[in-house]
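Visitor: Numbering (our numbering), first residue to last: 17 to 357.
The structure that follows is given in the form of structure tokens.
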Amino acid sequence: MVTKDIIFINQRTQNTTTTEPLMTEAEPSNNSVVAEPRLVICVGDIHGYIKKLQNLWSNLETQFDPQHFNAATIIFLGDYCDRGPDAKKVLDFLINLPSKYPNQKHVFLSGNHDFAFAAFVGVLPEPQNGVSFKEGWKKYEESEDREGWYKGEGYENMHLQGRRWAGHIKARFNTIKGIEYKGSIYDAGPTFASYGVPHGSSDLMKAVPDDHKKFLADMVWIHEEDDVCIEDEDGIRHCKLIAVHAGLEKGKNVGEQLRFLKAKETHLPKIECLSGRKNVWDIPEELTEKPTIVVSGHHGKLHIEGLRLIIDEGGGFENKPVAAIALPSMKLVRDTDNLTK
């Protein structure tokens, strides 16, 4: 249930021996209490760094009143695996949160890396239009040799992104990021290693435990909140919030995009709202009519402009922090912060 700003009015029963008037709901007492807007925390891309996640979570607990933190909505923006060494431990941490913090609401968005992981271990839903995953390979087949798509056990009807994720890219160096590739175009080698198997091995399909497969299968592609507060120079504003890993596409009907993402349509070989770049950077003009926060990770940047929030300061780099943003205050918290109670 969404909590809005509510004034709670203390009422007292009338005493026949006093001249004080009876308090009515239209007459606030001096003891009126204004409820604080609920706390919503959006956590950026983790990319297999369990220590960063643990430190960030500890800092979040330290930074906020326990009553508010324990009832907060926590939205994880995706990309839990790859690049960092501890994807398995990261998923264990996330899977255990609902039992440790039962009064929190936890939302786990799929990132493009998580989508590809799910594709490889076979937990994506089948395409609803009857087209096989194999049909999606054709559009990008000129990249197959360069990216070294996976051709091992189970590849025959695997989604393109699963094949790319477990493949062996020929290039050693990622010139865009300025670092060496870790196995595949997705840097998936460390994720395989975290489950104790070599990169590209079909043994991963058996090594990933059932609760991890369920987590990957249950991730949502889009999340909406109808009433989230944000604080700016004009005070507290009530907004809608849309969380999606990369963003919403320009020039496409927003309602259609939301329906597609909620349905988890897998017939396309690439899901732009999970993996796009420039085409998903801005808030669609259609959403400016009603104040709408659009929050994402994915882009390897910390970008806060109006109601467009991109929270991916770490980008999967070992020496950069994992960040989170808290609403309504717009406070940034990082794993590297040295916070004391």
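For glycine and all other residues, C-beta sits at the position ideal for the given N, C-alpha and C.
Since the model is a prediction, treat every value here as computed from it, not as a measurement.
1) In this structure, does DSSP put GLY178 in helix, strand or coil?
2) Which of helix, strand or coil does DSSP assign to ILE111?
3) Counting only runs of 4+ residues fully inside the segment 127-164, write out the alpha helix (DSSP H) ranges in chain order.
4) Counting beta carbon pairs with one atom in the segment 270-286 and one in the segment 81-90, are three or more of them shorter than 8 Å?
5) Closest by CA to VAL59, which one among GLU77, PHE131, ASP98, VAL338?
6) Contact check, ILE326 vs SER312 under 8 Å by CB: the rounded distance?
7) Below 8 Å on the Cβ atoms is my guess for CYS97 versus GLY64; work out the distance and round it to an integer in Å.
8) What number of angstroms, rounded off, separates the C-alpha of ASN354 from the C-alpha of SER74?
9) Note down the Cα distance separating PRO141 from LYS294, rounded to an integer number of angstroms.
10) Over the uninterrupted alpha helix (DSSP H) stretch that includes PHE85, give me the two end residues.
11) Is it right to say PRO300 is buried, meaning 16 or more other beta carbons lie within 10 angstroms of its own, or is it exposed?
12) Are the beta-carbon atoms belonging to GLY178 and ALA223 less than 8 Å from one another?
13) GLU15 to ARG253, Cα distance in whole Å?
14) Residue range of the beta strand (DSSP E) that HIS254 falls in?
15) Locate the alpha helix (DSSP H) running through ILE66, then write down its first and last residues.
Guide: Per the coordinate set shown:
1) helix
2) helix
3) 128-136, 160-163
4) no
5) VAL338
6) 5 Å
7) 6 Å
8) 10 Å
9) 28 Å
10) 82-85
11) buried
12) no
13) Lying outside 17 to 357, the shown extent of the chain, residue 15 is not represented and no answer is given.
14) 251-259
15) 66-79
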